[in-house]
Each structure stands twice: as C-alpha cells, then as structure tokens.
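Novice: Starting off with a structure, shown below.
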DNA sequence: GCAATAGTGTCTTTCAGACAATATGTT
DNA sequence: AACATATTGTCTGAAAGACACTATTGC
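Protein chains in written order, with the numbering used here: chain A, 1 to 219; chain B, 1 to 219.
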C-alpha cells in the first residue's frame, strides 16, 4: 500500500515523499506506505497511512493501480496497491509541518510535453532518485490526473475552497504542462456550471483583484 | 485475480462467466479467476487464467481495479485484482467452444441510460445472480469501457480485424447504450486516422455491401 | 497617471447533429 | 425495377483558439 500525495505548488505538480534510511534504496526517496491489516479494507489502510504519515484527514483519495512485478522489492515478493491523494495547498503545508521527514518533490514536466516522463526534483532542484518502482507510480499518478482533469473535479481538490479563475487555470496548466487560452478557459469553466462566484474578491494584490469562486459540485 | 472477459454480441455487451458448483454462492455465476503464484507477475497470472479457463492467447488485457473489502469472500480475507480482457467475436466463440462450462451473459443496459447499473442476464434472458462482489466488478468494467471508448482503441479490440463502419458503430452504440449519428460517426472515425479502407467489401449481403476497414493504430 | 492583472467582445475555425440526396449491391 | 443499406453533401449551431479591447485596483 503506497500513497501518492499530490498537489500543485509554485506552478508545478508536486508530491510528498519520505527519504529512506535503511537498505534497500537507502537515501532514495519513497512514497509513504504501509501494510494492509488482515481485517482492514484497502481504502481504510490508505486513510490510515495518510493520517499516520502526514497527519491528514478528509483528503480525496482514489485507487491508482496495483503493482505486482515479482522483483519490485529486492527482499521479497510484495504486491502494492497504489492510491492517489489530492492535496490543497493548505494540506501540503500542514503535512510538511506535521511530519518534518516529508519532503515536497517537484514533478518537472519536460517543456510543454505530454509524454508523461517527468523528472522528480528535490526542493533544491536536484534530481531525486526514487526507491523501488516509485518513479513509475508517480508518473502514472500524474498521467491519471491529467486524464481526469477535463471531465472530473480533480482540479478543485488541488485548490483552497475559494479561488480565482486564474488560480484554477494555473492548476490546470501545471498538470497539463502547457498553457491555456484565458477567455476560452473562463467560458468553459463557467458554462459547465461547476463553479459559482462568491461576490467577494481577492485582497492584498498590487493590481485589480479577481473575483473569488467556489466549487459547487458536479451533476 | 478475477478476469472480466468482455465482448459485444447481438448488439449488446456481454461477459463470459462460470457457474459455481460449490458453496459459497453455489449456483451463482462468477468471473473466471485464480490465485497469483508467489513468483508470478500479476499480468502473467491474468494471462494464465485467460489461457487455462478460456483457451485464449493474445488477448488485450488491462488492469481494472483491486477489490479488498474485508468480507467480500465469506470464508476468509481475499483481495482480488480484477482485469478486463477485450474479446473479438471470434474469441468469444472460441472460448465458449474451448470451455463448455463458460456461459455468455448479456449486460442489459437500462434503455439508453448511462448510469451503469446494468442487469446481468443469462442466454435465456433470465436475471443471473452473481457471486461475491462480481456484479460490482462487471459494472465497473462496463463503465471503464464506456469511458475509454472515445479516446482509445478499445472499440477495435471488440471487432474482427476487418470490419465495416456500421459494425464499428454498432459496437460503440452497444457499449454506450445509446444511438449515434451515422454521418458524424463516420467523419469522426475517418478524421481521427485510426482506420484505413482496405478496398475490399462485404459479401453475402442482401443489399449494397459496405467497405471493409482495418484498424491502423493510434498515434 | 502608471503598472499590472482581471475580465469582455468578437472573429474565425472546427466539429457534431440533423436531414436529405445519391450510389450500389441483391432479389 | 424494387429494396435495403452504404455513402456523401450541406446546413446549422455549439464551442475553442486567437487577439484586442476595456476595467479596476495599488502605488
């Protein structure tokens, strides 16, 4: 059971990882994970790990894929069910504070390319080697997110409860790895009826403040 | 490890099931399945079951979901990785012949509805009770198929290597559970560049024969 | 007023749905 | 020729991309 804790920070997708102390892959980064209890549902195990390793409750969490290559763990045969958890900015910061061992890795998408092979970088910008098949899992998580972006609510789970259209567009652009047309994006989001304006506006900007919107749910 | 062997027959989606002899769920239908060997990759296990229970090789097969409710098997805790195999009409008939125990159940979609709650019917049209959580797995398989229909090649895996545009449209309509506009469908399929005309035509029709097309691959 | 970003209007292109006309096999 | 279905053409409306314009805030 491994969990990809994914969010968007500084205009790029990111994931929370733990640095391994012991062999195998000592010093490499790895996804937070754990074993599934004999009387525990898979999703409950995912929520337990989310709580114990990142102090997070009430996070949107969906099953990603099950990895079962025989040699994925050099010690012994381990099958893992990977889950994808979507973190709003506040949840990322809360997790980093709750567990100082966590590091927030950036998933650098190679220049507007959709191929999915993204580089995992540590906070200093250096390439971060991942343990086991965790880089593959991370890549799949980003692809999944990309695929669901247009027709599900995943984008809203990566934002605070109130957000501007620009913030929403930034999240979409970060995950797609390419720019979007502003008027078209506005139109699409508003026409879909998923968001409602709140009547309030941003504050503390050094320019015209944008209206704040709220996710209204999908039908 | 359970496998949904899915195809389209007589204008409706169908799946190959086995009738259980022993308790629990004696007399109910169940997905073909088996246990994963200690030194066997998950996908290899799926292929093994496909071969041993249906005599099929070279079938497109993708992972569907992993089910791990604690009580899904009343005997003891069993986690299952469900796979989805896509069968062309010839493969369905070959499997039914290779293993006479198999029965081809129809997934009746409720009248142009996309909600996904389809009834599982045996060849006589009677409702077929399923063992364990297998009805849930079947429902998810159909939803997955529906979701991937428009932007992947799943439709072609459900057809013979040469097919008419009408046959392709029939497959799409069977899985969607609703009708499509014929000229628009033609245009879309041809414009996407996934198919090429072969220059040959149907035979043995009692009307104008349609051109046969071939799947060319996606890019 | 200036800088900077929010938000709008409009033109063009693309594409799906609708509908009707034409084409070409069998019987 | 009659029939049944394949195949094509055209009209219309919805939605996206491009681009330029207007609006509103802090300084």
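Quick reminder that beta carbons are idealized off the backbone N, C-alpha and C, glycines included.
Comparing the C-beta of residue 101(B) with each C-beta of chain A, is any distance below 8 Å?
Specialist: Within the second chain, the letter at position 101 stands for residue 101(B). Closer than 8 Å: no.
Novice: Between the Cα of residue 3(B) and those of 10(B), 15(B), 187(B), spot the shortest distance and give me the residue it belongs to.
Specialist: Position 3 of the second chain, counting from 1, holds the residue named residue 3(B). It is 15(B) whose Cα lies nearest to the Cα of residue 3(B).
Novice: Compare the C-beta of residue 198(A) against all C-beta atoms of chain B and say whether one is closer than 8 Å.
Specialist: Start at 1 with the first residue of the first chain, and residue 198(A) comes out as number 198. So no, residue 198(A) is outside the interface.
Novice: State the CB to CB distance for the pair residue 85(B) and residue 61(B), rounded to an integer number of angstroms; the pair is presumed to be in contact (CB under 8 Å).
Specialist: Position 85 of the second chain, counted from the first residue, corresponds to residue 85(B). Position 61 of the second chain, counted from the first residue, corresponds to residue 61(B). That pair is a contact at about 5 Å.
Novice: Opposite residue 213(A) in the DSSP bridges: which residues?
Specialist: Walking along the first chain from the start, residue 213(A) turns up at place 213. Looking at the DSSP assignment, residue 213(A) forms a beta bridge with 163(A), 197(A).
Novice: With a cut-off of 8 Å, do at least 3 Cβ pairs link the stretch 49-59 of chain B to the stretch 191-205 of chain A?
Specialist: Judged by Cβ distances under 8 Å, the stretch 49-59 of chain B makes no contact with the stretch 191-205 of chain A, as fewer than three pairs qualify.
Novice: Tell me the rounded alpha-carbon separation between residue 126(B) and residue 105(B).
Specialist: Mapped onto the second chain, residue 126(B) falls at position 126. Mapped onto the second chain, residue 105(B) falls at position 105. C-alpha separation (whole angstroms): 10 Å.
Novice: Residues of chain A with CB under 7 Å from residue 65(B), in chain order?
Specialist: Here the question's residue 65(B) lines up with position 65 in the second chain. Result: 63.
Novice: Going by CA-CA distance only, name the one from 22(A), 198(A), 157(A), 107(A) that's closest to residue 88(A).
Specialist: Within the first chain, numbered from 1, the residue matching residue 88(A) stands at position 88. When only C-alpha atoms are compared, the closest one is 157(A).
Novice: With a threshold of 7 Å on Cβ separation, who are the neighbours of residue 128(A) within its own chain once the five nearest residues in sequence on each side are excluded?
Specialist: Reading the first chain from its first residue, position 128 is the one you call residue 128(A). Only 29, 105, 120, 121, 122 meet the Cβ criterion.
Novice: Taking the alpha carbon of residue 69(B) as the point to measure from, which residue in 132(B), 57(B), 58(B) has its own alpha carbon closest?
Specialist: Within the second chain, the letter at position 69 stands for residue 69(B). Per the Cα distances, 132(B).
Novice: Under 8 Å Cβ-Cβ, which residues of chain B neighbour residue 77(A)?
Specialist: Your numbering for residue 77(A) matches position 77 in the first chain. Here the neighbours are 38, 39.
Novice: List the residues of chain A whose Cβ lies closer than 8 Å to the Cβ of residue 70(B), in chain order.
Specialist: Within the second chain, the letter at position 70 stands for residue 70(B). Neighbours of residue 70(B) on chain A, chain order: 39, 40, 41.
Novice: Thinking just about the alpha-carbon of each residue, which of 6(A), 11(A), 5(A), 7(A) is nearest to the one in residue 166(A)?
Specialist: As a working note, residue 166(A) is residue 166 in the first chain. Cα-wise, what sits closest to residue 166(A) is 11(A).
Novice: On the DSSP bridge list, what partners appear for residue 9(A)?
Specialist: Along the first chain, read from residue 1 onward, the residue named residue 9(A) stands at position 9. The partner list for residue 9(A) (beta bridge, DSSP) reads 12(A).
Novice: Quick check on residue 154(A) - is its C-beta less than 8 Å from some C-beta in chain B?
Specialist: In the first chain, counting from the first residue as 1, residue 154(A) sits at position 154. For residue 154(A), the answer is no, since every Cβ of chain B falls outside 8 Å of its Cβ.
Novice: From residue 168(A) to residue 74(B), what distance separates their C-alpha atoms?
Specialist: Position 168 of the first chain, counted from the start, is the residue given in the question as residue 168(A). Position 74 of the second chain, counted from the start, is the residue given in the question as residue 74(B). Distance between the alpha carbons of residue 168(A) and residue 74(B): 46 Å.
Novice: Going by alpha carbons, who is nearest to residue 59(A) out of 79(A), 67(A), 48(A)?
Specialist: Reading the first chain from its first residue, position 59 is the one you call residue 59(A). Checked all of 79(A), 67(A), 48(A); the closest Cα to residue 59(A) is 48(A).
Novice: Assuming residue 126(B) is part of the alpha helix (DSSP H), what are its boundary residues?
Specialist: Mapped onto the second chain, residue 126(B) falls at position 126. First-last for residue 126(B): undefined, no H or E at that position.
Novice: Name the residue from 9(B), 218(B), 1(B) whose alpha carbon lies nearest to the alpha carbon of residue 107(B).
Specialist: Along the second chain, one-based indexing puts residue 107(B) at 107. Residue 9(B) is the option with its Cα nearest to residue 107(B).
Novice: Suppose you measure from the CA of residue 154(B) to the CA of residue 216(A); what does that come to, to the nearest Å?
Specialist: In the second chain, the residue the question calls residue 154(B) occupies position 154. In the first chain, the residue the question calls residue 216(A) occupies position 216. Their backbone Cα atoms lie some 33 Å apart in a straight line.
Novice: Applying the 10 Å Cβ sphere with the 16-neighbour rule, what's the burial state of residue 102(A)?
Specialist: By one-based count along the first chain, residue 102(A) stands at place 102. Result: buried.
Novice: Using only CA atoms, which one of 198(A), 25(A), 175(A) lies nearest to residue 72(A)?
Specialist: For the purposes of this step, residue 72(A) is identified with residue 72 of the first chain, where counting begins at 1. It is 25(A).
Novice: Measuring alpha carbon to alpha carbon, tell me which of 143(A), 200(A), 148(A), 174(A) ends up nearest residue 164(A).
Specialist: Within the first chain, numbered from 1, the residue matching residue 164(A) stands at position 164. Comparing Cα-Cα distances from residue 164(A) to each of 143(A), 200(A), 148(A), 174(A), the minimum goes to 200(A).
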